[in-house]
Every structure is written in structure tokens, then in C-alpha cells.
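Chemist: Here this note's numbering is used: the first residue of the sequence shown is 51, the next is one more, and so on. Where is the CB? At the ideal position from N, CA and C, for every residue including glycine. Pasting in a structure now, in C-alpha cells, and then I'll have a few things to ask.
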Amino acid sequence: MVLLFAFAAGCSTDARGEQDRPERTGPPPTRPVAADGPDPAVLAAAGSYWLFTTSTGDLLAPVRHATDSGAWGEPTEAMARRPAWIGQDEIWAPGVIEVGGRYILWFSSPTDPDDDLSQCIGLAVSDTPGGPYEPLGEEPVICSTDGPTIDPFPWRARDGRLFVAWTEYHYESGRPTEIRTSRLDESGTRLVGEPAQLLTDPSGWEQLVLENPALFEQEDGTVRLLYSGGFFFTADYATGSATCQSPTGPCERDTPGTPWHRSAAGVNGPGGMSVFRGHDGRLWTAFHAWGDQVGYGAGGRRAPHVVPLDELPPLP
Numbered sequence: 051m052v053l054l055f056a057f058a059a060g061c062s063t064d065a066r067g068e069q070d071r072p073e074r075t076g077p078p079p080t081r082p083v084a085a086d087g088p089d090p091a092v093l094a095a096a097g098s099y100w101l102f103t104t105s106t107g108d109l110l111a112p113v114r115h116a117t118d119s120g121a122w123g124e125p126t127e128a129m130a131r132r133p134a135w136i137g138q139d140e141i142w143a144p145g146v147i148e149v150g151g152r153y154i155l156w157f158s159s160p161t162d163p164d165d166d167l168s169q170c171i172g173l174a175v176s177d178t179p180g181g182p183y184e185p186l187g188e189e190p191v192i193c194s195t196d197g198p199t200i201d202p203f204p205w206r207a208r209d210g211r212l213f214v215a216w217t218e219y220h221y222e223s224g225r226p227t228e229i230r231t232s233r234l235d236e237s238g239t240r241l242v243g244e245p246a247q248l249l250t251d252p253s254g255w256e257q258l259v260l261e262n263p264a265l266f267e268q269e270d271g272t273v274r275l276l277y278s279g280g281f282f283f284t285a286d287y288a289t290g291s292a293t294c295q296s297p298t299g300p301c302e303r304d305t306p307g308t309p310w311h312r313s314a315a316g317v318n319g320p321g322g323m324s325v326f327r328g329h330d331g332r333l334w335t336a337f338h339a340w341g342d343q344v345g346y347g348a349g350g351r352r353a354p355h356v357v358p359l360d361e362l363p364p365l366p
């Protein structure tokens, strides 16, 4: 969940000019970002790195570019214009993937100006990693009448197939929350076939919350699913892991009774995790966490962290 923000139509798109800098062949910046930046996703492309987050301040789609000094630059606006179908000036949990030389930004946003739970998923495209991203179509591409549809994660399997995973809450019917997925066509913008369920029934430590799916394949071909559970405004928010039979599931929790990545000193409520492969060949994670002040009411902020996957607790 996020706060509401106002989108400034004249926001800077300086991220485009940053793409002329020398290529980075090493890892992404790992210096902490001392600012709010929920649901981070890192795009490794064109020899560099871009960090996207949920809306903050007056930016609808904040993006930071890796600087020559090994830090993340100041955020700029990645979106060319406000998508016609969104009802509020906010975008949640962006995920970006490169397909055929074009960059596709997946995001969720409310459709109703007066209903934060009217979330659907849409797309925007750009010829350059940092934007500007032009909304694709006048309608969302994934939408449920049963509750909010959030947190899209586009990814590419080792065999080249494209997929997107997302969360569906079912407040109207009362059915358990589920993480769903679909195969994508070669353009990376259209769903192929019927969506499949990856995971459901968040009745344990997840406290009925099941969101921010991120998938990847290990070297042995095993498909892993990482997801967030608990309430984002508390230190109990955490990341769980599951093992999947295939990119379209089903998936089984690795440790049903406890999260995989939980709060530690100065890193509270770690969640909103995404996974990407760096230019150094390693698998990396990006996630947000509170510092010592937990919750916006306590003066806290959900700062982005970028950490190699193998430096987090070993996966079960």
C-alpha cells in the first residue's frame, strides 16, 4: 500500500540524458538510498542500471539512474504522461523488461478516483531504459471485478519465454488472495492463454496478505517464487519463498510457518522484493525496508535496498 501523491505534468525526464554515460559492466550500486522508494525494481540494460519505485513525492513513476560514482542518482519522471485509465495520481510496484529492443513498464494503479482498492494493471513502453514511457492503450490489461489486481512482475525464463505474475485480492467474493501468472506473447505486451494460479491461502505468517511476486530460475532449472506477506506498515512485513513445478506453477511454500527474509537490525519489514540479473552475471534483489522508525506515522520511510541474492539468507 502507498500514500496518495500529485503528479506534476512538467516533471523532468533527465533520465534519458543519462544513457549517454559509459557502460557499466560490473554490479549495480549498493549504497543505501536515503529516501522513500517502495516496491523497487532494477532494470539492467544498455550497460547500466535503472531503479524504478512506486510513486513518491510529485513523481508518478520515479526512476533513478546509476551514476559514475557508484551511487543512485536523484529520481526523475519516467512516465511521458498520465495514463488515461488511471483514476488517481499514483502508480504501484512497477516492473520493467526489455523485449526486442523496446522497454515495457508494467504497473498497477487505481481506476476510481475515490477507491484505492480499484487497482488494475497497465503498460507503458519506451525506446530507452529510463523513459519517457508512453502508456500503451486506453484501458488496463489485467483487471478483476472481485478486488484489487496489483504488483505485476514481468520476467523471462531461461528458454526465452516471457511471463508476468501478479496478485489478485478477492474482497468481494471472500476467496483467498492468490498470486497468478500468464504467458506473454513475443511482444511482451499480451497475455497468452488462461492465467494460472501460482500460490494462494495466505493464512499463516502472511496474515492474509500475499503480494509482490518475483520469479526466477536457478542454474539447475528450478523455478523459485519470492513474495511479500504481513502488513507493510509493520516490522512483521516479510518475504517468503516457494518452489514451483514450472513457470506457471503450481508452487509450494518452502517454509509454510515462517518467512524466508524477515526484519533484522535497522532493516525492518523487508518486502516488495524483485529479482534481476546484473551485468556481472549474478542474481540480485531489490526490496524496500523501514529503518529504525517503522511506519510513516513514526517518521519512517521504505528505503530501497539492492543486495545480491546469495548474500541474503540461503533459500530453503
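For L131, which residues in the same chain have their Cβ closer than 7 Å to its Cβ, ignoring the five residues on either side in sequence?
Modeler: Reading off the sequence shown, one finds Arg at residue 131, where the question assumed Leu. Excluding positions up to five away in sequence, the list reads P185.
Chemist: Between R351 and the rest of its own chain, which residues show a CB-CB distance below 6 Å, the 5 nearest in sequence each way excluded?
Modeler: Closer than 6 Å at Cβ, skipping near neighbours: D86.
Chemist: With a threshold of 8 Å, are at least 3 pairs of Cβ atoms found where one atom belongs to the segment 338-350 and the other to the segment 319-326?
Modeler: Touching, yes.
Chemist: Would you kindly check if the distance between the Cβ of G181 and the Cβ of V92 is under 8 Å?
Modeler: Result no, Cβ atoms of V92 and G181 do not sit closer than 8 Å.
Chemist: So what does DSSP say about G319, is it helix, strand or coil?
Modeler: Of the three classes helix, strand and coil, the one that applies to G319 here is strand, per DSSP.
Chemist: P363 and H311: beta carbons closer than 8 Å?
Modeler: Yes, the pair counts as a contact, with Cβ atoms nearer than the cut-off.
Chemist: In three-state DSSP terms, what is E361?
Modeler: Helix, per DSSP.
Chemist: In the DSSP assignment, what are the bridge partners of F141?
Modeler: Residue identity check: residue 141 is Ile in the sequence provided, not Phe. Answer is none; I141 lacks a bridge partner.
Chemist: Applying the criterion that 16 or more other CB atoms from any shown protein chain within 10 Å of the CB defines a buried residue, is E124 buried or exposed?
Modeler: That one is exposed.
Chemist: By DSSP's criteria, I229 is part of a beta bridge. Which residues make up the other side?
Modeler: BP columns for I229 point to T217 and L249.
Chemist: Can you give me the start and stop residues for the beta strand (DSSP E) that G172 sits inside?
Modeler: Segment D165 to S176, the beta strand (DSSP E) holding G172.
Chemist: Could you give the first and the last residue of the continuous beta strand (DSSP E) run that contains S158?
Modeler: Start and end: R152 to D162.
Chemist: Can you tell which of S237, Y221, R240 and E244 has the C-alpha that lies nearest to the C-alpha of R230?
Modeler: Comparing Cα positions, the closest option is E244.
Chemist: Give me the Cα-Cα distance between I141 and L365, rounded to the nearest whole angstrom.
Modeler: Between I141 and L365, the C-alpha separation is close to 30 Å.
Chemist: Give me whichever residues DSSP pairs with S278 in a beta bridge.
Modeler: In DSSP, S278 forms a bridge with E261 and T289.
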